[in-house]
Structures are given as C-alpha cells and as structure tokens.
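S.K.: Below is the structure I would like to discuss, written out as structure tokens.
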Amino acid sequence: MYKVKAVGAGSIGNHMAYACRQLNWDVTICDIDSAALERTKNDIYPSRYGAWDTEIKLALNSEVETENFDVVIIGTPPDTHIAIAINELKNSSPKVMLIEKPLSTPELENLNELEELAKSKGTKLCVSYNHTTTQNTLFAENLIRKGVLGTPKSINVQWLEHWGGIFGAHPWLAGPHDSYLGFYKRGGGSTGEHSHCINIFQHFSRVLGMGEVTEVNATMDMIENDKVSYDQNAIIALRTENGLVGSVITDVLTKPAKKAVRIQGDKGFIEWYVNYKDGFDAIMYQSEGGEIQEELISKSRPDDFQNEIKHVGDILSGHVKIENSPISFETGLQTMKVIQAAYSSAMNKRLVQINQ
Ligand SMILES: NC(=O)c1ccc[n+]([C@@H]2O[C@H](COP(=O)([O-])OP(=O)(O)OC[C@H]3O[C@@H](n4cnc5c(N)ncnc54)[C@H](O)[C@@H]3O)[C@@H](O)[C@H]2O)c1
13 MYKVKAVGAG
23 SIGNHMAYAC
33 RQLNWDVTIC
43 DIDSAALERT
53 KNDIYPSRYG
63 AWDTEIKLAL
73 NSEVETENFD
83 VVIIGTPPDT
93 HIAIAINELK
103 NSSPKVMLIE
113 KPLSTPELEN
123 LNELEELAKS
133 KGTKLCVSYN
143 HTTTQNTLFA
153 ENLIRKGVLG
163 TPKSINVQWL
173 EHWGGIFGAH
183 PWLAGPHDSY
193 LGFYKRGGGS
203 TGEHSHCINI
213 FQHFSRVLGM
223 GEVTEVNATM
233 DMIENDKVSY
243 DQNAIIALRT
253 ENGLVGSVIT
263 DVLTKPAKKA
273 VRIQGDKGFI
283 EWYVNYKDGF
293 DAIMYQSEGG
303 EIQEELISKS
313 RPDDFQNEIK
323 HVGDILSGHV
333 KIENSPISFE
343 TGLQTMKVIQ
353 AAYSSAMNKR
363 LVQINQ
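Pasting the structure below:
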C-alpha cells in the first residue's frame, strides 16, 4: 500500500484522493485553508462519491510538511505549483511527485531548480495530463499501431468548453476574477486551463512518430479589463519536428462542450472524443474507405483519473520507466513551451519557433 499526500483539498485533490483510495492507498489530504478541509469532508467528497471515506486523513500543510510519502500530488492553483513542489522536495523525498496541469505559469520560472532538486532526491516528476492514459487514448494508440491511418497527415484538436462547469464545481468562486482562471499570466484563460488540448496533440504526434512541436502561430480573443486578463478563445497552428501541420482550437465559451481530436492519414482517420455523449467517451475510425467504425467507451468522471493513478503505481513498481511515461515532467514541460509560445505569438502577431 503506497502512502500518498494530496496537497490542495479542492476539486482535483478530491478526484485524486478518490482514485488513490480505489487502489487502497493510504491517503492524506492537506491544505493551507481549514475551510477547504472541512468542505472536502462535508461536501465535495460525499456529494461526488456517496460518502466521506474515514480512512482519509485531513491535515493543515504545516502538520505534514516533513513527513515522508511515496507520492505527493500537487493539486493547487497553477501559479503555486512550482514553489510548493520545491518546498516539498526540500522537506521530504517522495518517490513520485505528480504536479497538476498546467505545470506552471507561462513564465516557466524555476523549472530548472525543480528538476535539479528532484534529480538529487531521486524523485520522479510527473505532470497530470490524465487524458493520455484514458481508455479512448489507449484504443486510438492501438489503432495507430495496427496501421489504420497509413502515413499521418494532420492532427486537429478542438477543446471547446464553457467554463460554467468549472464554476459549478466551485460555487464558492464569484467568477473568473476570483481565481487564477481569469488571468492567463497565472495559468488561467482557455489556453492554460484547457491545456489538455495542446498536450493531447503532442501525445498523438509522438505516438505517430512526428516529434515535438517546433512552430507556433496563435490568434487569441483576449478579455482585458480592470478585473481580468485572459484569452476566451485561442486558435493555435502548430508544426512538428517531422513536418506534421495541425491545429488546436480552445475556448471557455462553447456549450455544450466539444472535446475532440481528428487524426488524418493517407489511408484513414481516427476521431477521439471525451464525453461524446452522456457517460461515454468514443473513438470513430475508418481505414481504406471501409465503413466508419464507432467505439463507445463507458466512463464516469472518476474514471478520467483512475488509469492515471494506476500508471503512477506502475512507475512506483518499476513496470513503467519515467522516460516512457506520457505524463513525465518532460512531456508537461513541452506543453508549457507551446503555451508560452502561443501567448508570445498572439501578443506579438508573429510565428514563434521552439528549439528542440
Ligand atoms: N487534470 C484535470 O483534468 C484537472 C481537473 C481539475 C483541476 N485541475 C488542476 O488542478 C489544479 C487545482 O484546481 P482545482 O480546481 O482543484 O482548484 P481548487 O480551487 O478547487 O482547489 C485548490 C486548493 O488548493 C489550496 N491551496 C492553495 N495554495 C495552497 C498551498 N500553498 N498549500 C496547500 N493548499 C493550497 C486552496 O486552498 C484550495 O483548497 C489546477 O492546476 C487545475 O488546472 C486539473
């Protein structure tokens, strides 16, 4: 049984704690705010999963700061991730540290220090892009391995989701101005908050052998006033090392949400969907002009995180090497580089190159 600390008793802290408890891991959730701990026990956890789990320990940060855990999960706002991660590593030596997405703010500050510290402690760093581990992704990877696509030609991602759902899960927030969400410099806005879209493009590009992103050209619709500063809509064109051209479009406007990837090859296509319909992810595909196949994958919201936590277990047990993990620090860092380049491109109205 692994010992886990989830830092941040908010929405994701609860999801992660629940996923770890499904594997019977020993879970402590900590926060700087005692009201957040109370809310976890009395509201978030029981309303989502049916009942409070009395095996979970709740603590203020200061009470568990120097205790050693096998896994530390950092589920706090993006602009706090790196300072918390560095502090954790100065005080303890977890085997794995899983940092929520996006890894940091677009400034990418202190990432070298974090990496060096983790290396010196023997801690494997991960970034929580959980959609790379879900069943729909594994199904699509299998089709790619079987050669359904032929030569890959393009990847186009739509991650269009009104953020009413996020505020629904955080009724204590008065609006985007009340958290990082309304500030792109703090990791909010559509590109930061929905950065799964960039990450899943990169994931499939790697699986297809098309390499990392090297060119970024973005247009954004910015909301700037005395209360907020964020992109409500971002259209990002990408080119990869091995010449694949595609796009990522994301917003905090569209309802109902649409989260989809279309991968086109010269022989066929694969479409990947999150929440294709209520209770289901999906994959559609066609090869060599045959019938379009539809694979519905039953899932609940907790399932979005279960494979990821199992994957963390595989890293802990040595079954998965961190270099081969789709949630490695390196993959999360590559996503941050594209986020940074996208803002730079949109602000300066020019194409930005990323040196690989
Ligand atoms: N992978 C996913 O699909 C997914 C889903 C939801 C959220 N997230 C990510 O998780 C992170 C948190 O989002 P959320 O919706 O859970 O936020 P939230 O506001 O619900 O919770 C954040 C919690 O962190 C606490 N906190 C802040 N600073 C802290 C500190 N120094 N030490 C301990 N606790 C601290 C706050 O008090 C709060 O309780 C964000 O980066 C978000 O993008 C990821």
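So in my numbering, spot 160 of the sequence shown is number 172, and the numbers just go up one at a time.
Virtual Cβ for every residue (Gly too), placed ideally from N, Cα, C.
Remember, it's a predicted structure, so these values are computed and weren't measured experimentally.
Using a threshold of 7 angstroms, is the CB atom of Glu112 nearer than that to any non-hydrogen atom of ligand 1?
M.R.: Counting from one through the sequence shown, the residue named residue 112 turns up at place 100. Because some heavy atom of ligand 1 lies under 7 angstroms away, the Cβ of Glu112 counts as near it: yes.
S.K.: Look up Gln4 in the DSSP assignment and give the residues it is bridged to.
M.R.: Limits of the chain in this structure are 13 at one end and 368 at the other, which puts residue 4 out of reach.
S.K.: Out of Val286, His206, Gln170, His93, which has the shortest C-alpha to C-alpha gap to Leu137?
M.R.: Within the sequence shown, residue 137 is the residue found at index 125, counting from 1. With distances taken between Cα atoms, Leu137 lies closest to His93.
S.K.: Can Phe195 and Ser241 be called in contact, C-beta distance under 8 angstroms?
M.R.: As a first step, residue 195 is located in the sequence shown; it is residue number 183 there, counting from the start. As a first step, residue 241 is located in the sequence shown; it is residue number 229 there, counting from the start. Cβ distance < 8 angstroms, so Phe195 and Ser241 count as in contact.
S.K.: Can you tell me which of Ile327, Pro89, Ser202 puts its alpha carbon nearest to the alpha carbon of Trp171?
M.R.: What you label residue 171 is simply residue 159 of the sequence shown in a count that begins at 1. With distances taken between Cα atoms, Trp171 lies closest to Ser202.
S.K.: Going by alpha carbons, who is nearest to Gln368 out of Gln346, Ile86, Ser357?
M.R.: The sequence position of residue 368 within the sequence shown is 356, counting from 1. Considering only alpha carbons, the answer is Gln346.
S.K.: Relative to the C-alpha of Leu70, which residue among Asn26, Pro89, Gly62 is closest?
M.R.: On the sequence shown, position 58 is the one that residue 70 refers to. It is Asn26.
S.K.: Between Val273, Ser191, Ile247, Asn229, which lies nearest to His215 when the distance is taken from Cα to Cα?
M.R.: As a working note, residue 215 is residue 203 in the sequence shown. It is Val273.
S.K.: Please list the terminal residues of the continuous beta strand (DSSP E) segment that includes Asp233.
M.R.: For the purposes of this step, residue 233 is taken as residue 221 along the sequence shown, with counting starting at 1. Where Asp233 is concerned, the enclosing beta strand (DSSP E) stretches over 225–236.
S.K.: Can you list, in chain order, the residues of its chain with a C-beta nearer than 6 angstroms to that of Tyr57? Leave out the 5 residues immediately preceding and following it.
M.R.: What you label residue 57 is simply residue 45 of the sequence shown in a count that begins at 1. Same-chain partners within the cutoff: Asn26, Trp64.
S.K.: Rounded to whole angstroms, what is the Cα-Cα separation between Leu126 and Met348?
M.R.: What you label residue 126 is simply residue 114 of the sequence shown in a count that begins at 1. What you label residue 348 is simply residue 336 of the sequence shown in a count that begins at 1. So the alpha carbons of these two residues sit roughly 15 angstroms apart.
S.K.: State yes or no: is the C-beta of Ile321 within less than 8 angstroms of the C-beta of Ala31?
M.R.: Position 309 of the sequence shown, counted from the first residue, corresponds to residue 321. Position 19 of the sequence shown, counted from the first residue, corresponds to residue 31. For Ile321 and Ala31, yes; Cβs fall inside 8 angstroms.
S.K.: Counting along the chain, where does the alpha helix (DSSP H) carrying Gln352 start and finish?
M.R.: Numbered from 1 along the sequence shown, position 340 holds the residue referred to as residue 352. It spans 341–360 - the alpha helix (DSSP H) in which Gln352 sits, taken as one unbroken run.
S.K.: Should Thr88 be listed as close to ligand 1, given that the test is whether its C-beta is under 7 angstroms from any heavy atom?
M.R.: As a position in the sequence shown, residue 88 is number 76, starting the count at 1. Yes, since a heavy atom of ligand 1 falls inside the 7 angstroms radius drawn around the Cβ of Thr88.
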